[in-house]
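Numbering (the working numbering), first residue to last: 1282 to 1419.
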């Protein structure tokens, strides 16, 4: 009986990646109101395509300057995280006529001054135990 239990446990362990809670710490919200859209991507081909996130969370903000969003059961691996603050409730990051973002946004590993981050620039690695990934909005 003990041998069967050992074999069963061994079989169940194959192919299972460790999953842990991860925290995204978003700062520089500037006490605005709206909804933060936080998207996790695992491929450069799908990066910044909102319908192709592997994990997503929407968090209401009401005049806070920072938010800590916890994501449960994130498998170990490489990801890029993008965040934007939807202030007008339309579910999109709004741009001016010349393509400048009109709402606050940010990425893991910082946000370049004159363009969005690439997947490689924003890539972080989930290694196991809980980690905190900072995102500063601009």
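Cβ atoms here follow ideal geometry from the backbone N, Cα and C, with glycine treated the same way.
Everything numeric in this text was worked out from a predicted model, so none of it was measured.
- Under the criterion of beta carbons closer than 8 Å, residue 1416 and residue 1389 qualify as touching, at roughly 6 Å.
- By the Cβ criterion, the segment 1341 to 1351 is not in contact with the segment 1370 to 1379, since fewer than three pairs of Cβ atoms, one from each stretch, lie closer than 8 Å.
- Of the residues 1300, 1418 and 1323, the one whose Cα lies closest to the Cα of residue 1404 is 1323.
- Inter-segment contact for the segment 1347 to 1363 and the segment 1321 to 1337 is present: three or more beta-carbon pairs are separated by less than 8 Å.
- One Cα belongs to residue 1402, the other to residue 1329, and the distance between them is close to 13 Å.
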